[in-house]
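Heads up: the sequence shown is residues 119 to 535, going by the numbering used here. Structure, as structure tokens:
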Amino acid sequence: MTLELAPNWTADTPQARAAELAKLIGGAYPDAHGRFGPFGGRFVPETLMPAITRLEEVARHALTDPAFLDELGVHQREWVGRPTPLARAEGLSRLWDADVWLKREDLAHTGAHKINNALGQALLARRLGVKRIIAETGAGQHGVATAAACARLGFPCRVYMGAIDAERQAPNVFRMKTLGAEVVPVTSGDQTLRAAIDEALRDWVSDPRGTHYLLGSAVGPHPFPWLVRTFQSVIGREARQQMLDRAARLPDAAFACVGGGSNAIGFFHAFLGDPRVALIGAEAGGHGPAPGQHSATMAHGRPGVLHGCYSMLIQDAHGQVGDTHSISAGLDYPGVGPEHAFLRAIGRVSYAPVTDADALAALRDVCRVEGILPALEPSHALAAAKAHARAHPGSTLLINLCGRGDKDMPILMKHLT
Ligand SMILES: *Cc1c(COP(=O)(O)O)cnc(C)c1O
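If you want it as structure tokens, here you go:
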């Protein structure tokens, strides 16, 4: 694959790339068209352009307005529970023969990082002056976070969810309804997350002025990948400072799981300009590399357009979106955020598929020696760190533990007995 990278991209060593990235991050990154190198952009119906441009304008203004940032800070502290702790994992350090640190994003309100983005966008919706908020959800975590943020800020909330997912994730459907949201099961298409996003986009097209579409990951048309990353980047900013305070050093390597890529990009972003910190994204390797058996977009995908954005995408021989599988619903998505596709293309972040079995084994380790039940998604990042420790004993590893495993009980009851 040959790629047309950013026009002035001259760096050819990892150090030089990191230095150029650090410059880019302070400037026009993504560019005015929402492109990260060749990836990103906005492939949407004309009718959505006014809403999308307005969202970008309002967001850019709010994110430099001290009053907005103060208000966001108060909600983050008093409601989300930020800053989330950084913890030295004594048990894992002994077990894996490494110096292991966990960013405890699982302790955030509603149990995962999703609340950072839901809260930020719901606050923006006030400034947009919309009357209602819509969202999509796969496993239900983003739907729950959005329902909670809408309840707190006084917005009516409608969540689109594939009919198959709604049945598989009945407790989360009930949680959303209890928090006051309307849940709409989607019976078209594949009846899972992909169809739910299509349906949410359709709703948004029908009333772009009165509605905000609160997208749940660092995917979709510009400005979403940038906007979601911005609200999630609090994770990496905190973790980097906490490492310096607690360990007086940065990690040798930092790990996060990648579904659409929001927790990973929010975690990695603060470290992009640190050339000595290796950044590793763990994708869902599922049952293995055969088509339909995994959701490892970087390992097995090709560039293409999905949900308004040009990025890496799992496709079949005819260029149709391919079937996916993962034991973790949150990683079971055929696309990935465009910034990740760019960071991989320039060699700043590497991506590794982790099988269902390896993720489960890592989850077991963390339960037994840390007394923490992680979600299945970050168990992929934990497994990637475990493999890294085997190859590089004694290294300092930082893992974004992006969610708790309570939601995964039914699946774990099937697999861990
Ligand atoms: C939704 C979810 C993910 C996947 O989404 P990203 O946008 O890739 O972060 C990962 N972990 C947890 C706990 C989730 O709820």
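Note that beta-carbon positions come from the ideal geometry of N, C-alpha and C, so glycine has one too.
Could you give the distance in angstroms between the alpha-carbon of Val-162 and the alpha-carbon of Pro-407? 32 Å
Taking 8 Å as the cut-off, does the segment 375–389 touch the segment 456–470 (at least 3 CB pairs, one atom from each stretch)? Three or more Cβ pairs drawn from the segment 456–470 and the segment 375–389 lie within less than 8 Å of each other, which places the two stretches in contact.
Take Leu-390 as the anchor and find which of Ala-371, Gly-403, Gly-404 has the nearest alpha-carbon. Ala-371
Taking Thr-514 as the reference, which of Phe-157, Ala-150, Ala-503 has the closest Cα? Ala-503
My output table needs one value for Trp-127: the three-state DSSP class, helix, strand or coil. Low local confidence applies: a pLDDT of 49 at Trp-127 is under 50, so the model's placement there is unreliable, and no value is given.
Note down the Cα distance separating Gly-426 from Tyr-278, rounded to an integer number of angstroms. 18 Å
Taking Val-352 as the reference, which of Val-291, Leu-190, His-330 has the closest Cα? Val-352 has its Cα closest to that of Leu-190, out of Val-291, Leu-190, His-330.
With His-330 as the anchor, note down where its beta strand (DSSP E) starts and where it stops. 329–331
Give the DSSP bridge partners of Lys-221, in chain order. Leu-204, Asn-518
DSSP three-state assignment for Pro-452, whether helix, strand or coil: coil
I'd like the span of the beta strand (DSSP E) that includes Val-198, first residue to last. Unbroken run through Val-198: none, as it is neither H nor E.
Short of 7 Å in beta carbon distance, which residues of its chain neighbour Leu-242, apart from the five on each side in sequence? Order them along the chain. Val-176, Ala-177, Ala-180
Integer-rounded CB distance, given that Ala-230 should sit under 8 Å from Cys-485: Between Ala-230 and Cys-485 the Cβ distance is about 17 Å, and since that is not below 8 Å, they are no contact.
Assign Leu-500 to one of three DSSP states: helix, strand, or coil. helix
Please output, in chain order, the residues near ligand 1 using a CB cut-off of less than 5 Å to any non-hydrogen atom of the ligand. Ala-230, Gln-259, Ser-335, Gly-377, Gly-378, Gly-379, Ser-380, Asn-381, Gly-448, Ala-493, Glu-495, Cys-520, Gly-521
From which residue to which residue does the beta strand (DSSP E) around Thr-473 run? 467–473
Mark Gln-359 as exposed unless 16 or more other C-beta atoms lie within 10 angstroms of its C-beta, in which case mark it buried. Label assigned to Gln-359: exposed.
Could you check which residue in Phe-273, Gly-399, Asp-217, Ile-315 has the C-alpha nearest to that of His-498? It is Gly-399.
Nearest to Arg-367 by alpha carbon, out of Leu-246, Ala-240, Arg-394? Arg-394
Hey, which unbroken runs of the alpha helix (DSSP H) at 4 residues or more fall wholly within the segment 412–464? 415–418, 456–463
His-418 and Ile-432 look like a contact to me (Cβ under 8 Å); what is the Cβ gap, rounded to whole Å? So it is a contact: roughly 6 Å between Cβ atoms.
When the Cα atoms are used, what is the spatial distance from Asp-224 to Pro-492? 7 Å
CA-CA distance, Leu-516 and Thr-473? 20 Å
Given a cut-off of 8 Å, decide if Asp-434 and Ala-402 are closer than it, judged by their beta-carbon atoms. no
For Tyr-428 and Gly-158, which I take to be in contact (beta-carbon distance under 8 Å), what is that distance rounded to the nearest angstrom? The Cβ separation is near 6 Å, so the contact holds.
Taking the alpha carbon of Met-531 as the reference point, which residue from Leu-494, Ala-505, Ala-509 has its own alpha carbon closest? Checked all of Leu-494, Ala-505, Ala-509; the closest Cα to Met-531 is Leu-494.
What span of residues does the beta strand (DSSP E) with Ile-398 cover, start to end? 396–404
Return the chain-ordered list of same chain residues with a C-beta closer than 7 Å to the C-beta of Lys-249, the five sequence neighbours on each side being excluded. Gly-328
State whether the segment 314–323 contacts the segment 276–292, with contact taken as three or more CB pairs (one from each stretch) at a distance under 8 Å. yes
Excluding the 5 residues flanking Pro-421 on each side, which residues of the same chain have their C-beta closer than 8 Å to its C-beta? Met-119, Pro-156, Phe-157, Tyr-428, Ser-429, Met-430, Leu-431, Ala-459
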